[in-house]
Amino acid sequence: MKAPDSFRNPGLWCDFHRDQGHRTEDCVALRIEVNELLKKGHLREFLSVKAKSHLCKEVTGKPTEAVPASPR
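Each residue of the sequence shown is one higher than the one before, starting from 18 at the first, in this note's numbering.
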């Protein structure tokens, strides 16, 4: 859903919507879409260990087991 013209900034561009009105970094619809993809298991290869643990805890209510640190 588009915001009313009074809330849209013609000087800002959103690549997700391919339209003016807000910056891509501020796009709520994009954030929701990415979050849904993460919850469905897509994009996990782009997450850090900490983020994977947080996502798993958020989705299942249980934290993932910590990955043991490799000796140096």
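Glycine residues also receive a C-beta, built at the ideal position from the N, C-alpha and C atoms.
(request) Hey, could you find the ends of the alpha helix (DSSP H) C44 is sitting in? (result) Note, C44: premise wrong, no alpha helix (DSSP H); not H, not E.
(message) So L29 and G38 are supposed to be a Cβ contact under 8 angstroms. How far apart are they, rounded?
(response) Contact flag correct, Cβ pair sits at about 6 angstroms.
(message) Within a Cβ cutoff of 7 angstroms, which residues of the same chain sit near P85, ignoring the five residues on either side of it in sequence?
(response) Because the pLDDT of P85 is 48, which lies under 50, any placement of that residue in the model is unreliable, and the number read from its coordinates should be weighed accordingly. Cβ within range, chain order: n/a, list empty.
(request) Excluding the 5 residues preceding and the 5 following C31 in the sequence, name in chain order all residues of the same chain whose CB lies nearer than 6 angstroms to its CB. (result) Cβ within range, chain order: H39, T41, C44.
(message) Quick check on the DSSP output: the beta strand (DSSP E) that includes L29 runs from which residue to which?
(response) Taken as a continuous stretch (DSSP letters only), the beta strand (DSSP E) holding L29 covers 26–31.
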